[in-house]
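Respectively, the protein sequence lines represent chains A and B. The working numbering applies: residue 13 is where the first sequence begins, and numbers increase by one. The working numbering applies: residue 491 is where the second sequence begins, and numbers increase by one. The beta carbon of each residue, even a glycine, is placed where N, CA and C say it ideally should be. Take a look at the structure set out below.
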Amino acid sequence: MTTIYDVLRRPIITEKSNYLNGELHQYVFEVAPDASKTLVKDAVELLFNVKVERVNVINLPAKRSRRGRNRRLRVRRSGYKKAIVTLAPGDTIPIFEGVK
Amino acid sequence: MKVEKTPLQNRTLKLVVEASPEETENARRSAVQKLGKRVRVPGFRPGKAPYSMVLKSLDPGLLQEETLAVFLDRYYPEILEQEGIEPYDVGRLKSVLNLDPLKVEIHVPLKPLVQLGDYHSIRIPYEPPVISEEQVERALDLLRQRHAILEPAEREIQKGDVVYIDLIALRKAHDAPGQVIATKDDFPVLVLEDREDLKEFEEYPFEGFSRALLGRQAGERFSVEHSYPHNSRIAEFAGMDIRFEVRVREVKARILPELNDEFAQSLGEYSSLEELRNSVRSMLEREALEEYLKEYDSKALEEVIKISTIEYPPELIEREREAYLAGLERRLRQHNLDLELYKKIRGEQEFEKEVQEAVEYRLKATLTLLEVAKREQIRVDPEKLRQSADQAVRKALEKSQELRIPKQVGRNIALRALENQVTRDLFEVVYKRLRQIAKGEGGTRASILEGEAIPDYIALAEGSGAAESNAPLSGDEGSGELPTRDDLPHSLKNSDKSSQELENL
Numbered sequence: 013m014t015t016i017y018d019v020l021r022r023p024i025i026t027e028k029s030n031y032l033n034g035e036l037h038q039y040v041f042e043v044a045p046d047a048s049k050t051l052v053k054d055a056v057e058l059l060f061n062v063k064v065e066r067v068n069v070i071n072l073p074a075k076r077s078r079r080g081r082n083r084r085l086r087v088r089r090s091g092y093k094k095a096i097v098t099l100a101p102g103d104t105i106p107i108f109e110g111v112k
Numbered sequence: 491m492k493v494e495k496t497p498l499q500n501r502t503l504k505l506v507v508e509a510s511p512e513e514t515e516n517a518r519r520s521a522v523q524k525l526g527k528r529v530r531v532p533g534f535r536p537g538k539a540p541y542s543m544v545l546k547s548l549d550p551g552l553l554q555e556e557t558l559a560v561f562l563d564r565y566y567p568e569i570l571e572q573e574g575i576e577p578y579d580v581g582r583l584k585s586v587l588n589l590d591p592l593k594v595e596i597h598v599p600l601k602p603l604v605q606l607g608d609y610h611s612i613r614i615p616y617e618p619p620v621i622s623e624e625q626v627e628r629a630l631d632l633l634r635q636r637h638a639i640l641e642p643a644e645r646e647i648q649k650g651d652v653v654y655i656d657l658i659a660l661r662k663a664h665d666a667p668g669q670v671i672a673t674k675d676d677f678p679v680l681v682l683e684d685r686e687d688l689k690e691f692e693e694y695p696f697e698g699f700s701r702a703l704l705g706r707q708a709g710e711r712f713s714v715e716h717s718y719p720h721n722s723r724i725a726e727f728a729g730m731d732i733r734f735e736v737r738v739r740e741v742k743a744r745i746l747p748e749l750n751d752e753f754a755q756s757l758g759e760y761s762s763l764e765e766l767r768n769s770v771r772s773m774l775e776r777e778a779l780e781e782y783l784k785e786y787d788s789k790a791l792e793e794v795i796k797i798s799t800i801e802y803p804p805e806l807i808e809r810e811r812e813a814y815l816a817g818l819e820r821r822l823r824q825h826n827l828d829l830e831l832y833k834k835i836r837g838e839q840e841f842e843k844e845v846q847e848a849v850e851y852r853l854k855a856t857l858t859l860l861e862v863a864k865r866e867q868i869r870v871d872p873e874k875l876r877q878s879a880d881q882a883v884r885k886a887l888e889k890s891q892e893l894r895i896p897k898q899v900g901r902n903i904a905l906r907a908l909e910n911q912v913t914r915d916l917f918e919v920v921y922k923r924l925r926q927i928a929k930g931e932g933g934t935r936a937s938i939l940e941g942e943a944i945p946d947y948i949a950l951a952e953g954s955g956a957a958e959s960n961a962p963l964s965g966d967e968g969s970g971e972l973p974t975r976d977d978l979p980h981s982l983k984n985s986d987k988s989s990q991e992l993e994n995l
């Protein structure tokens, strides 16, 4: 059973999330596979003391790729669930703040 | 930004520059931006990661280095302009005193300072060499020797003969007795006469070998032994005891032509012996005078250096040293030697001392000559300059085309040749002037140069372009127009084809 403290796994910091953050005031997290939008909203609001306006969730499929340069060995990279959280204007999450 | 200036010895200015925190931060941001293009941050394309992310993944040492480089690139020219400093060469970063905010110590080389002493009072007795009859006779005799005819002789070997021998060199040693070190077949040996001019003649395989041949005849065999020292000039025998097995093959007598009109005519250009004698005398006189003038000029220059104060930054010495070593290496290569080997032969310390002395003298000589040129307002005839420059450029271009050097490099070579030529021409005139002064027939500067325009090409000759370019001008400026460093090739544009080619490069 996922508790509210287990929902958020890690912040996702990439060029795209950086863009979303800057332009649309959205923050991106990897979340537990069984987390719902409501759970994510509650978790973010509780942990960062902010007001969440909207949560979008996407299930990213697992992907197969090669190991190193080896053509035969294929590995499976597990899929994960990603949540894109839109905050109310004026609220920010400090862990993303350094990334500007 | 705070800048502290302290003049040091040797024409060097010490600058301690302290940047403000904002300037440091600006430099760091630029450095991160620059380095960020090469750093891979997961989740970002190269060069797209934000400042804080790149900062975290960068090596701190690398970042500091780059920050410093950016800072100096951006602010160093500004500092020089602000403080009114005219550097002679590239400044050197001596030490970093603080990192945040940046505080650095920079040493800036300044223009060399030459204070000439009263060189107008220098007098050196001028005694050009006189060629004696004896010297002329000796030269004629040498000429005869060179045109000697070899004729087979059926007799005992005498002094002056040329003997053809077969020679086997065997080593005398406990571990390798009879080992053949060298063989020569039909090897010509000159049996030396007792003449002064042959004292320096280097015999093979050892000094005095030809004496051993005296009195022998063709077909005779004999052996002779010799011990070589470790530093023998014949490297293959150095440090060995050698027994030479010799067989005399053939004896030829050298028949010298008689010294008469016929001999003079056989040389081609002369109709009589008298004419040959005169020509030899004038050639000897010319050579001796050239030699003497060279010596005289350098003596005069040495005197000027002695009474002058010359200060220059150490960077100049380094640059001169590089040029000197490059020249030395080139000369050594002609003798199939390299610098390392030469160092070993001379001894490391001896070599360093020699180089140091030579470099210092060269630098002082150049600076003094340039200063004298400036003081004496010496000019090279523009037409002559143009001609010799043109020739130098043409030669350099031909060479670079021959070697298929890329155009830009070829252009640089041509420019350097041009610079060298200009300097050479200028120095030639300066030496002449010094000679006049030392001989005591100097007169005053004004009387010599009255009414002539003085071109400002000393900056050109100094090469760096950082030289003072406000040499005093006098007289009619219009007629003495001379090109500056940048437009010299351009000004030669219409004078000759080769200049045109330089332009095309």
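Residue i to residue j span [Cα, whole Å]
i, j, result
"residue 28/A", "residue 499/B", "59 Å"
"residue 35/A", "residue 561/B", "33 Å"
"residue 722/B", "residue 731/B", "12 Å"
"residue 899/B", "residue 787/B", "36 Å"
"residue 46/A", "residue 536/B", "35 Å"
"residue 527/B", "residue 107/A", "24 Å"
"residue 917/B", "residue 859/B", "7 Å"
"residue 746/B", "residue 648/B", "15 Å"
"residue 740/B", "residue 719/B", "31 Å"
"residue 103/A", "residue 53/A", "14 Å"
"residue 79/A", "residue 87/A", "6 Å"
"residue 840/B", "residue 846/B", "10 Å"
"residue 920/B", "residue 814/B", "22 Å"
"residue 496/B", "residue 928/B", "40 Å"
"residue 632/B", "residue 623/B", "14 Å"
"residue 610/B", "residue 883/B", "36 Å"
"residue 602/B", "residue 803/B", "7 Å"
"residue 866/B", "residue 799/B", "18 Å"
"residue 925/B", "residue 851/B", "19 Å"
"residue 20/A", "residue 529/B", "29 Å"
"residue 569/B", "residue 493/B", "8 Å"
"residue 701/B", "residue 634/B", "23 Å"
"residue 695/B", "residue 617/B", "43 Å"
"residue 861/B", "residue 574/B", "24 Å"
"residue 95/A", "residue 581/B", "56 Å"
Paired residues, beta bridge with residue i - DSSP
i, result
"residue 76/A", "88/A"
"residue 737/B", "656/B, 711/B"
"residue 780/B", "DSSP, once it has assigned bridges, lists no residue as partnering residue 780/B."
"residue 744/B", "640/B"
Status (buried if at least 16 other CB within 10 Å, exposed otherwise) for residue i
i, result
"residue 826/B", "exposed"
"residue 773/B", "exposed"
"residue 599/B", "buried"
"residue 645/B", "exposed"
"residue 876/B", "buried"
"residue 717/B", "exposed"
"residue 663/B", "exposed"
"residue 545/B", "buried"
"residue 67/A", "buried"
"residue 77/A", "exposed"
"residue 30/A", "buried"
Span of the beta strand (DSSP E) around residue i
i, result
"residue 38/A", "38 to 43"
"residue 916/B", "Where residue 916/B is concerned, there is no enclosing beta strand (DSSP E), although the alpha helix (DSSP H) it sits in stretches over 897 to 929."
"residue 585/B", "582 to 588"
"residue 691/B", "Per DSSP, residue 691/B belongs to no beta strand (DSSP E) and is neither H nor E."
"residue 495/B", "492 to 498"
"residue 599/B", "593 to 599"
"residue 531/B", "Premise fails: residue 531/B is in no beta strand (DSSP E) and is neither H nor E."
Proximity test, Cβ basis, 8 Å: residue i and chain E
i, result
"residue 535/B", "No chain E appears in this structure, whose protein chains are A and B."
Endpoints, alpha helix (DSSP H) assigned at residue i
i, result
"residue 727/B", "It is not in any alpha helix (DSSP H) - residue 727/B carries neither H nor E in the DSSP assignment."
"residue 677/B", "Residue 677/B -> not in any alpha helix (DSSP H); beta strand (DSSP E) instead, spanning 669 to 680."
"residue 801/B", "Residue 801/B -> not in any alpha helix (DSSP H); beta strand (DSSP E) instead, spanning 799 to 801."
"residue 867/B", "Neither: residue 867/B is in no alpha helix (DSSP H) and is coded neither H nor E."
"residue 569/B", "550 to 573"
Any non-hydrogen atom of the ligand SAH within 7 Å of residue i CB
i, result
"residue 843/B", "Ligands are entirely absent from the displayed structure, and the ligand SAH is therefore not among its contents."
Which of the residues in the stretch 25 to 54 of chain A, read from start to end, lie with their CB under 9 Å from any CB of chain B?
25, 26, 27, 28, 29, 30
Using a Cβ-Cβ cutoff of 8 Å, what residues of the stretch 540 to 554 of chain B are near chain A? List them in chain order.
540, 541, 542, 543
Mind checking the stretch 579 to 603 of chain B against chain A and listing, in chain order, the residues whose C-beta falls within less than 7 Å of any C-beta there?
none
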